[in-house]
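Below is one structure, written out as structure tokens; comments come after it.
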Amino acid sequence: METVEWSEALLLDFAPMDTAHRTLVDLLAQAQSATDEALPTAWAALLAHMEEEFAEEDRWMRATRFASASNHLLQHHVVLNLLREGAAMARGGQLAPVREMASELAAWFIKHTQSMDAALALHMRRQDGPRSGQRDGVNHVKPG
Ligand SMILES: [Fe+2]
Ligand SMILES: [Fe+2]
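Mapping of the sequence shown onto this note's numbering: residues 6 to 149, in sequence order.
See below:
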């Protein structure tokens, strides 16, 4: 079983993302250690968090016209659809594929965080950089 633990390697130095990712890691660990009885609820909690987190990242990308948004938006969309299928399976008592999905999600999350999210975090930090507050035509999106 592939798992993910919070570590420095996942830190992106953009607080709202780091906070959301830390929660995701916790919720995923809870789902992976959940009993069969608890798995549907744990999965629903993970899904709800990821819907929020992805929606927030999507808003940042759109509001700041992030150049590499389209792949990132697509990946969020595809992953959420899979997780929703997982939720339906969990509710229906099909737990083995959901546990498999949790493992894949752990591996995916590490990659996604270190590539697409890292690029977005860098971009967002620049939005809040030295030019903040100037009327330079850039949308300065406040996190949160
Ligand atoms: Fe993220
Ligand atoms: Fe993302």
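Each residue gets a CB set at the ideal place from its N, CA and C atoms; glycine is no exception.
These figures come from a predicted structure and were not determined experimentally.
- [ ] Measure the alpha-carbon distance for Leu127 versus Ala101 and round it to whole angstroms.
- [x] Approximately 37 Å, taken between the alpha carbons.
Open item on the list: Is Met106 near ligand 2 - that is, is its Cβ less than 7 Å away from at least one heavy atom of it?
Closed with: Flag unset: Cβ of Met106 not near ligand 2.
Open item on the list: Comparing C-alpha positions only, which one of Ser38, Met55, Gln37 and Ala49 sits nearest to Thr24?
Closed with: Here the closest residue by C-alpha is Met55.
Task: ligand 1 heavy atom lying under 7 Å from the CB of Met22 - done: Taking 7 Å as the cut-off, the C-beta of Met22 counts as close to a heavy atom of ligand 1.
Task: Coarse secondary structure for Thr46, derived from DSSP in three states - done: DSSP places Thr46 in helix when its eight states are reduced to three.
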